[in-house]
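Notes follow once the structure below has been shown.
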Amino acid sequence: MSFIKQYIPSGTPLFLVGHSIGCHMVLEILKRAPDLNVLKAFLLFPAIESLDSCPRVSIINPLVTYLRPLTVASLSALRFLPRTVQNMLIRFYIYLATSCTTPHRTSLSGAQNYFRPECLMACFVFTRDIIQNVRERDDATIGRHADKLVVYYGQNDHWSPVEYYDNLRRTFPEADVRLCDRGFRHAFVLDCSVDVGNMVRGWIEPFLPS
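Oh and the sequence shown: position 169 is 169 in the numbering used here, straight run, nothing missing.
The following block contains the structure:
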């Protein structure tokens, strides 16, 4: 919000794109700044409701709450391992968590930050916060801006099950709510960021001046 107010001239046409918890942030922007000239808002694999009930949370919640000190200490110790061993461990974890066998090298290098205790602590505090606070879907904001939204759900998303897609379509039949048919996973940035980027670009292009 501060960035938009400070650097973007009033009335500038905007496209908002959010992924996962970023979709919750997009809805917050629409709610708090209704005067923004938002042409479209794209919510990719949205984590916008009942996060405490999601399948993945039963595993993650203990790690980011009462087991957090032990988890941070254990993972931080791995930063002393050789870089090749770190990459092997990261690849193994990514495969277990997402079934991705070919993560992009930028994903591997970025994931190495999670061996730093300050990064882990910040990540865990943020994760705990969103699990505790993102509970009810903001139907008032969705209904008010339904004509601007494109909501894109995954087929096998541990943060946003298909039943959430079905519920949103039933509640807002006029909204543009889509279910992925291209096999993209929630963590598409691991190996399909270009494909998803091109897909979103295709959605935006019709709204651009010729």
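All C-beta atoms, glycine included, are put in the ideal place defined by N, C-alpha and C.
| Asked | Found |
| --- | --- |
| DSSP three-state assignment for residue 126, whether helix, strand or coil | helix |
| Entirely enclosed beta strand (DSSP E) segments - the segment 128-174, minimum 3 residues | 149-153 |
| Short Cβ contact (8 Å threshold) for residue 30 with residue 41 | yes |
| Residue from 189, 33, 117 whose Cα sits closest to the Cα of residue 80 | 117 |
| Simplified DSSP assignment, three categories, for residue 176 | strand |
| 8 Å Cβ cutoff met for residue 149 and residue 175 | yes |
| Simplified DSSP assignment, three categories, for residue 104 | coil |
| Distance cut-off 7 Å: residue 205 Cβ against heavy atoms of the ligand NAD | Questions concerning the ligand NAD fall outside what the structure shown contains, since it holds no ligand whatsoever. |
| Residue burial classification, residue 56 (beta-carbon count within 10 angstroms, cutoff 16) | exposed |
| Status (buried if at least 16 other CB within 10 Å, exposed otherwise) for residue 82 | exposed |
| Span of the beta strand (DSSP E) around residue 38 | 38-44 |
| Closest Cα partner of residue 19 within the set 207, 200, 206, 210 | 200 |
| Which listed residue (203, 187, 130) has its alpha carbon closest to that of residue 93 | 187 |
| 7 Å CB neighbourhood of residue 75 in its chain, flanking five on each side removed | 114, 115, 120 |
| CA-to-CA distance, residue 23 to residue 128, given in whole angstroms | 17 Å |
| 8 Å Cβ cutoff met for residue 190 and residue 100 | yes |
| Beta carbon of residue 51 nearer than 8 Å to that of residue 141 | no |
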